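> 185 is the number of the first residue of the sequence shown in this note's numbering; add one for each residue after it. Even glycine gets a Cβ: it sits at the ideal position worked out from N, Cα and C. Predicted model only: the values in this text are computed from it and were never measured.
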Amino acid sequence: HELEEAEKLIWQLYEAGIDALIIQDMGILQMNLPPLPLFASTQTDNRDPEKIRFFQDTGFKRVILARELSLPEIRKIRETAPLIELESFIHGALCVCYSGQCYLSYAMGGRS
Numbered sequence: 185h186e187l188e189e190a191e192k193l194i195w196q197l198y199e200a201g202i203d204a205l206i207i208q209d210m211g212i213l214q215m216n217l218p219p220l221p222l223f224a225s226t227q228t229d230n231r232d233p234e235k236i237r238f239f240q241d242t243g244f245k246r247v248i249l250a251r252e253l254s255l256p257e258i259r260k261i262r263e264t265a266p267l268i269e270l271e272s273f274i275h276g277a278l279c280v281c282y283s284g285q286c287y288l289s290y291a292m293g294g295r296s
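As structure tokens, this is what we get:
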């Protein structure tokens, strides 16, 4: 039932004029989606070049990289996945854990 509601909401957002979907749950890809660009959220733990290549090959337009990446790691990702847009946070991370792995905040406060 939850996935049906999510699909309905996605279509309502599309009809309202949104420009893209930022996706964390890959189950969304099995839905009947409107023709919107897909962005892989930082919550998908985007640190591995092969994972970024997967997103590129799956049709994602952009990946929001994990905040913890160094410049050499970002360069390696670019070499591995040259066709996808890369987005990076430069300021404002408050989570003391790794991006996309916010188990500590869930354990302590019931939310991530």
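With a cut-off of 8 Å on the beta carbons, I'd call TYR198 and LEU213 a contact; round off their distance for me.
Not confirmed; about 16 Å, so no contact.
> PHE223 bridges to which residues according to DSSP?
Note: PHE223 sits in a beta bridge opposite ILE206, ARG246.
> Helix or strand or just coil, what does DSSP make of GLU189?
Three-state DSSP puts GLU189 in a helix.
> State the beta-bridge partners of GLU271 as determined by DSSP.
Paired residues: ILE248.
> Should the segment 266-273 be regarded as contacting the segment 246-257, the criterion being three or more beta carbon pairs within less than 8 Å?
Touching, per the Cβ criterion.
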